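**Student:** Right, I'll just put the structure down here and ask away after.
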Amino acid sequence: MKYLNPKRAYQSLGKKFFFETLIFSVFLLFFYGPLLNTLMLAFAEQYQVPHVLPTRFGFEWWAYIFSQNDLLESIANSFLIAVLATGASLLICIPAAYALARFEFKGKSFFMFSFLLSNAFPKIGLYTSLGILFYRFQLMGTLTGVIIVHILNTMIFMIWIPSSSFRNVHRQQEEAARDVGAGPIRTFMQVTLPAAVPGIAVSSMYTFLGSLEEAQGTLLVGFPEIKTMATSMYSVILDYPPMAGAVFSLVLMLPTFLIIWICRKLFGKDLFSKGMSL
Amino acid sequence: MKNLKVRIENISKVYENGDGIRNIDLEIHAGEIMTLLGPSGCGKSTILRCLGGFQEPDGGNIYIDGVDVTDAPAEKRPTSMVFQSYNLWGHMTVFENLAFGLKLRKVPKSLIKEKVAGMLELLKLPGIEKKYPGQLSGGQQQRIAIGRSLLLEPAVLLLDEPYSALDAKIRQQMREELKRIQRETGVTVVFVTHDQEEAMSLSDRIVVMQKGQIAQIGTPSEIYDNPVNHYTASFIGEMNFLPLENHQELAFRPEDVIVSPHTGEHQGEIKQVTNAGHYSVAMLSHKNQSIKIYLSKDEAQAYKSNQSIYFTIKKSRTYQGEKRI
């Protein structure tokens, strides 16, 4: 205990390093503190005033969460919607990205810029006007409506990033394929697309993860028929003790960690820099 | 009578900035190596791309083996093109690159394997089927690209400056390789380059191009010994130009001059003698014009700067009214 004296630490580390370490520690606490708190709460079985830390740890709340059918349904919904939204987004946006990469037409730069516009302002205004349209077309509270909202959020990624990936595929590679006898579609599928996979993989990953956590639009359009993890989170926090909320948020976070880890393993650590060249 | 492989009839293609080709007529014989030679922007690549189907001409027709292919897209033409770079598909192995075209033509698997192995033998690169293009050197990549084209047995093999991205020593080896492969397969080759040395060493016939028009067509010796105009004369090899009266000029090569300290047609003063190995280059001043002359090793010993000498021109041509560049 004698050596835990701050004065001793100060003398041995030197003034600059001491303060840097101090500031860094404060930052780490600030950044990871809430996460650590969540971890602690998720495994707490008995946590009462006046104790600072839980008195008993266990999996009680995990068992509880997984026994609630509507919560399980919302977890399944989240993944279903994420998969469908990513798939539909790929189908719509990849051909558009290719067209923007290879062809010149009037209003092209404004068109590309317009995707930035929809992301530049608070989305709630966009969703409100969307809600009016959806009521007209009876899309409120339907799976289709929710998926449309998710696709809208992802369009900027799924068009800008793959577009630059396609642009980086040299025209001569495609010309060589045409020269050898491949038609335009075969050339696209066997030569252009494989070469652009890193960029498309990055955007698909962002789309999938973004869809999992999308709450605002889903709440507005899907509630109460369609419940996802993100929207159920609101009711879990309000209706249940904090431990349940902690478990639920870990369940929400887990896919994100897993998918990023898998992508990093599959595509290498250069994935993000290669994919994100706008 | 040489077999006519390709006939290009009155082709034109003009770009927005004025570059391009105008009213080109060209006949290519079967089994020959024809080179399109010229500086950037002269239109040589445009002709090649029109031949390959990558560029639609504004007017004119192209016949290959007597068939009109003017409206056929690249994938339907009996031509095969090798580009300057980015030929091979990086995400496929060498085998997959070579087999791509054969698979499209529904050639049976066993035959594909045989053909690919045979081609790699021809290219003197046996056994690298499983490698990826990224693992090969630039020269090896270009050879595989040529192999891929040859596997399809094209009527014409088109090469668009394929060696320009390689270093000088490799370029020379690749030239010899190409000549050997062409001898063994007998394929008709159209080669585009801006390097006159490459054109001279490789071709059966050279087409010298200037600003979208053909300046001269001939064998390397014909073009070197008898250039028909100022442009061709100055483009190939070294050439001296002396202005004469009536807007004419006298053109002669540095090696076609005899030098003597006492006798000769013209007189000049040596400005500089530069050693170039087994010969020397002497810069002469004659009537305020700079003239280049080649001297043998012994001759070079005898002459020094500021020395007055006589020279006789053994062979020359006269051109009319050309604008000096």
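If you read the sequences in order, they're chains P and G.
In short: position in the first sequence from 1, add 1375, done, that's the numbering used here.
In short: position in the second sequence from 1, add 34, done, that's the numbering used here.
Note that the Cβ used here is the ideal one computed from N, Cα and C, for glycine as well.
Keep in mind it's a predicted model, so treat the numbers as computed, not measured.
#1: Taking beta-carbon pairs under 7 Å, can you tell me which members of the region 1559-1588 of chain P lie near chain G?
#2: Work out the CA separation of residue 327(G) and residue 289(G) for me, nearest whole Å.
#3: Whole angstroms is fine: what's the gap from residue 194(G)'s alpha carbon to residue 71(G)'s?
#4: Can we say the region 1442-1451 of chain P touches the region 1567-1581 of chain P, given the rule of at least three CB pairs closer than 8 Å?
#5: Quick one: what does DSSP say residue 63(G) is sitting in, helix, strand or coil?
#6: With three or more beta-carbon pairs closer than 8 Å as the criterion, would you say the region 183-191 of chain G touches the region 199-209 of chain G?
#7: Cβ of residue 109(G) less than 8 Å from any chain A Cβ?
#8: Would you mind stating whether residue 192(G) and residue 177(G) have Cβ atoms separated by less than 8 Å?
#9: Using a C-beta cutoff of 8 Å, does residue 135(G) count as contacting chain P?
#10: Quick one, which of 1557(P), 1463(P), 1539(P) has its alpha-carbon nearest residue 131(G)'s?
#11: Are the CB atoms of residue 291(G) and residue 345(G) nearer to each other than 8 Å?
#12: Give the residues from the region 1514-1535 of chain P that approach chain G closer than 7 Å (Cβ to any Cβ), ordered along the chain.
#13: Give the single residue among 109(G), 69(G), 122(G) whose Cα lies nearest to the Cα of residue 239(G).
#14: What separation, rounded to the nearest whole angstrom, lies between the Cα atoms of residue 1421(P) and residue 1622(P)?
#15: If we cut at 8 Å on Cβ distances, does residue 94(G) have a partner in chain P?
#16: Closer than 8 Å by beta-carbon distance: list the chain G residues that pair up with residue 1550(P), in chain order.
#17: Leaving out five residues before and five after residue 367(G) in sequence, what residues of the same chain have Cβ atoms less than 7 Å from its Cβ?
#18: At the level of alpha carbons, what is the spacing between residue 1403(P) and residue 202(G)?
#19: With a threshold of 6 Å on Cβ separation, who are the neighbours of residue 1464(P) within its own chain once the five nearest residues in sequence on each side are excluded?
#20: With distance defined between alpha-carbon atoms, name the residue in 91(G), 320(G), 52(G), 74(G) nearest to residue 42(G).
#21: Just mark residue 1331(P) as buried or exposed, buried being the case when its beta carbon has 16 or more other beta carbons within 10 Å.
#22: If you check the beta carbons only, do residue 45(G) and residue 55(G) fall under 8 Å apart?
#23: Using a Cβ-Cβ distance under 8 Å, would residue 1477(P) count as near chain G?
#24: Is it buried or exposed, residue 283(G), if we count other Cβ atoms within 10 angstroms and call 16 or more buried?
#25: Please go through the region 243-288 of chain G and give each complete alpha helix (DSSP H) segment of 4 or more residues, from N-terminal end onward.
#26: Under 7 Å Cβ to Cβ from residue 127(G), same chain only, skipping five residues before and after it: list those, please.
#27: Unbroken alpha helix (DSSP H) runs of length 4 or more, entirely within the region 188-224 of chain G: which are they?
#28: Nearest-angstrom Cα distance between residue 1357(P) and residue 215(G)?
#29: If I'm right that residue 1544(P) touches residue 1456(P) with Cβ under 8 Å, what's the distance once you round it to whole angstroms?
#30: How would you label residue 1503(P), buried or exposed, when you count the other beta carbons within 10 angstroms and need 16 or more for buried?
#31: Taking contact to mean 3 or more Cβ pairs, one atom from each stretch, closer than 8 Å, check whether the region 1513-1520 of chain P and the region 1591-1603 of chain P are in contact.
#32: Which residue from 110(G), 60(G), 124(G), 73(G) puts its Cα closest to that of residue 96(G)?
#33: Suppose the cutoff is 6 Å on Cβ atoms and the five residues either side in sequence are ignored; what does the same chain contact list for residue 1570(P) look like?
#34: If you count every other CB in all the chains shown that lies within 10 Å of the CB of residue 35(G), and 16 or more means buried, which is it?
#35: Residues bridged to residue 55(G) by DSSP?
#36: Determine whether the Cβ of residue 1553(P) lies closer than 8 Å to any Cβ atom of chain G.
**Tutor:** So, from the listed chains and residues:
#1: 1566, 1569, 1570
#2: 6 Å
#3: 11 Å
#4: no
#5: strand
#6: no
#7: Annotation note: the requested chain A is absent from the structure, which comprises protein chains P and G.
#8: no
#9: yes
#10: 1557(P)
#11: yes
#12: none
#13: 69(G)
#14: 14 Å
#15: no
#16: 88, 108, 115, 117
#17: Residue numbering for chain G in the displayed model covers 35 to 359; residue 367(G) lies beyond these limits and cannot be assessed.
#18: 57 Å
#19: 1526, 1529, 1533, 1582
#20: 91(G)
#21: Residue 1331(P) lies beyond the residue range present for chain P, which begins at 1376 and ends at 1653; the question has no answer from this structure.
#22: yes
#23: no
#24: buried
#25: 254-259, 264-269
#26: 163, 164, 165, 166
#27: 202-219
#28: With chain P represented from 1376 up to 1653, any question about residue 1357(P) goes unanswered, as that position is not in the structure.
#29: So it is not a contact: roughly 32 Å between Cβ atoms.
#30: exposed
#31: yes
#32: 60(G)
#33: 1544
#34: Because the pLDDT at residue 35(G) is just 45, under 50, the model does not fix this residue reliably, and the point stays unresolved.
#35: 47(G)
#36: yes
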